[in-house]
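As structure tokens, the structure follows; a few thoughts come after it.
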Amino acid sequence: MLDINSDLLLEKEDFNRIRKIVYDTTGITLADTKSALIVARLSKRLLKKGISGFGEYIALLNEDPSEILELVNKITTNLTYFYRESDQFSVLKLLILPELLKNKKNIIRIWSAACSTGAEVYTILFEMLDYFNGSIPDNIDLKILGSDIDTVVLSKAKRGAYTKEELNKLDKSKVKLYFDKLNEDQYIIKENLKKYVGFRKINLIYDKFSFKGKIDIIFCRNVAIYFNEETKDKLYNKFYNVLSEQSYVFSGQSENLFRWNNQYKFIKNSIYKKVL
Numbered sequence: 003m004l005d006i007n008s009d010l011l012l013e014k015e016d017f018n019r020i021r022k023i024v025y026d027t028t029g030i031t032l033a034d035t036k037s038a039l040i041v042a043r044l045s046k047r048l049l050k051k052g053i054s055g056f057g058e059y060i061a062l063l064n065e066d067p068s069e070i071l072e073l074v075n076k077i078t079t080n081l082t083y084f085y086r087e088s089d090q091f092s093v094l095k096l097l098i099l100p101e102l103l104k105n106k107k108n109i110i111r112i113w114s115a116a117c118s119t120g121a122e123v124y125t126i127l128f129e130m131l132d133y134f135n136g137s138i139p140d141n142i143d144l145k146i147l148g149s150d151i152d153t154v155v156l157s158k159a160k161r162g163a164y165t166k167e168e169l170n171k172l173d174k175s176k177v178k179l180y181f182d183k184l185n186e187d188q189y190i191i192k193e194n195l196k197k198y199v200g201f202r203k204i205n206l207i208y209d210k211f212s213f214k215g216k217i218d219i220i221f222c223r224n225v226a227i228y229f230n231e232e233t234k235d236k237l238y239n240k241f242y243n244v245l246s247e248q249s250y251v252f253s254g255q256s257e258n259l260f261r262w263n264n265q266y267k268f269i270k271n272s273i274y275k276k277v278l
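In this text, residue positions in the sequence shown follow our numbering: the first is 3, and each later residue adds one.
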């Protein structure tokens, strides 16, 4: 049995095997410097499984495909909070939403492609609600999809419950408007708002995107930084094919789509418009 205080060693050969499994499963490229991260993220998992080293853990991964899902859940980064990169949401409400409503009439489809625990999805919804003075009109057909590869964070997103600390970047007026209080430390999205959102597990690189209609806005922020150039090509080509004619991609501040300027035109604030 592994002692929780023992020092786990991850040999280079085992690290290469693990990152190949991660790449083959998710498209994520783990840099050479991520060995310590693997040890930190997986130590408790090895302890729980009664495994004494990474060689034994790799054997488990090869024998039990369900353990690969646990691996992915452990190593994926899920940093998120409400109104992260808030300037983008101002552009969404003041510039893009009016244009979509004008050009698309009353149907809007938005996809948060790596939604983590759901803060991004609900932030988008709050901006839509603010635009319409607190209530989506009956003639507006709005759907916001949140997806992630991590099943644990998806469960939390679907429930829509957050602690006071998780809501500390959210204006108190929005908490009052859009959440019900569960207890002294937790709040949950009002039930009547959940009809506008949905969540599902999607592997951005290896899954086929299957939607009933075209997507108007894709939020894919701080995700592509984990992909190599070949994988990014695949991702942005897949996005292009599911986007509507008047559509946008929101990327992270540390990312850009300039290499794909024949498909995406830079607007502002790491936001790009589909090129027809």
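A virtual CB, placed ideally from N, CA and C, is assigned to each residue, including glycine. Every value quoted in this text rests on a predicted model; they were computed, and no experiment measured them.
| Check | Outcome |
| --- | --- |
| Can you have a look at residue 153 and say buried or exposed, based on whether 16 or more other CB atoms are within 10 angstroms of its CB? | exposed |
| Taking C-alpha atoms, which residue in 124, 95, 257 lies nearest to residue 133? | 95 |
| CA-CA distance, residue 215 and residue 223? | 22 Å |
| What residue range is occupied by the uninterrupted alpha helix (DSSP H) comprising residue 40? | 37-51 |
| Which residues in the same chain have their Cβ closer than 8 Å to the Cβ of residue 278, if we skip the five residues on either side of it in sequence? | 247 |
| Quick test of the definition: if touching needs 3 or more C-beta pairs under 8 Å, does the segment 195-205 touch the segment 135-149? | yes |
| Short of 6 Å in beta carbon distance, which residues of its chain neighbour residue 276, apart from the five on each side in sequence? Order them along the chain. | 245, 249 |
| Residue 194: which of 34, 137, 186 sits nearest, CA to CA? | 137 |
| Looking at residue 171: is its Cβ nearer than 7 Å to the Cβ of residue 84? | yes |
| So, is residue 208 buried or exposed, given that buried needs 16 or more other C-beta atoms within 10 angstroms? | exposed |
| Considering only the alpha carbon of each residue, which of 103, 163, 88 lies closest to residue 272? | 88 |
| With a threshold of 16 other CB atoms inside 10 Å of the CB of residue 210, please say whether the residue is buried or exposed. | exposed |
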